[in-house]
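In the working numbering, the protein residues as written are 2 to 224.
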């Protein structure tokens with residue numbers, strides 16, 4: 002199976018070509034230039050791998066949560082490429098992608114959602130996959146849901162931004178943290194491969210971001 006995975010949900014841009022478990026990947030700090038950089042970067046990767054888009058079996062993308070603009074870019078690029086090459090797509094949770102890059106059995110994934118909030122979810126490793134211990138949601142860092150048990154691994158930019166608050170909420174339950182990690186196309190590809198293998202891919206027209214937050218900005222009164 003040959004897959005292309007991409008993620009533009011944060012300030013980082015990452016791409017991965019997944020070929021039966023072998024991966025060729027790239028990432029860079031793109032800032033606000035995802036839309037300018039992603040297609041040239043993809044072209045270089047395909048040339049290096051000696052592949053064309055129609056030779057792939059599908060496209061995976063970081064569906065969110067994350068930056069509104071970034072999610073729209075990622076979904077739009079995935080749709081456009083999939084339409085052009087007649088390929089199916091799979092959207093992967095960025096929070097689950099964070100969990101995937103750890104070796105931990107229990108993971109609390111948090112992304113900085115700005116506006117004093119975090120995107121939050123918790124996962125427990127189950128065989129070669131994951132079970133959801135706490136559904137993805139948007140919270141003030143002091144209001145994150147309680148979780149049972151210990152030996153949790155905290156990962157994502159939410160831990161860098163609000164580590165003191167989150168560690169207080171989960172006092173004695175979190176053993177390790179990595180606040181510098183960001184969702185990566187490598188992990189999106191690995192997760193998506195299982196979805197493609199299980200026949201859960203969708204037509205390009207059905208690709209959609211996972212926003213969670215419905216409001217983009219605070220009103221003057223809320224500020």
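Heads up, the beta-carbon is just placed ideally off N, CA and C, and yes, glycines get one too.
If you count every other CB in all the chains shown that lies within 10 Å of the CB of residue 15, and 16 or more means buried, which is it? buried
Proximity winner among 115, 132 and 128, relative to residue 122 (alpha-carbon distances): 132
I need the straight-line Cα distance from residue 200 to residue 189, nearest angstrom please. 16 Å
Per-residue burial, residue 37 [other beta carbons within 10 Å of its own, 16 or more giving buried]: exposed
Short of 8 Å in beta carbon distance, which residues of its chain neighbour residue 87, apart from the five on each side in sequence? Order them along the chain. 55
Considering residue 60, what are the terminal residues of the alpha helix (DSSP H) in which it resides? First-last for residue 60: 59 to 65, but that is the beta strand (DSSP E), not the alpha helix (DSSP H).
Drop a sphere of 10 angstroms on the beta-carbon of residue 130, count the other beta-carbons inside from all chains shown, and report buried for 16 or more, exposed for fewer. With fewer than 16 Cβ atoms within 10 Å of its Cβ, residue 130 is classed as exposed.
Identify which residue in 85, 100, 42 and 6 has its Cα closest to the Cα of residue 182. 100
Helix, strand or coil for residue 121, going by three-state DSSP, please let me know. strand
Taking its Cβ as the centre, do 16 or more other Cβ atoms sit within 10 Å of residue 149, making it buried, or is it exposed? exposed
How about residue 192 and residue 89: are their beta carbons less than 9 Å apart? Result no, Cβ atoms of residue 192 and residue 89 do not sit closer than 9 Å.
Nearest candidate by alpha-carbon position, reference residue 142, set 8, 116 and 134: Per the Cα distances, 116.
Closest to residue 154 by CA distance: which of 194, 139, 83 and 125 is it? 125
By the 10 Å Cβ neighbour count, where 16 or more other Cβ atoms means buried, how is residue 147 classified, buried or exposed? exposed
Kindly indicate the opening and closing residues of the beta strand (DSSP E) around residue 92. It spans 90 to 94 - the beta strand (DSSP E) in which residue 92 sits, taken as one unbroken run.
So, for residue 176: in the same chain, excluding its five sequence neighbours on each side, which residues have a beta-carbon less than 6 Å away from its beta-carbon? 152
For residue 41, does the count of other Cβ atoms within 10 angstroms reach 16, so buried, or fall short, so exposed? exposed
Continuous beta strand (DSSP E) assignments of at least 3 residues falling wholly in the region 156 to 223: 175 to 179
Between which two residues does the beta strand (DSSP E) harbouring residue 24 extend? Per DSSP, residue 24 is one residue of the beta strand (DSSP E) stretching across 23 to 30.
Considering only the beta carbon of each residue, do residue 112 and residue 67 sit closer than 9 Å? yes
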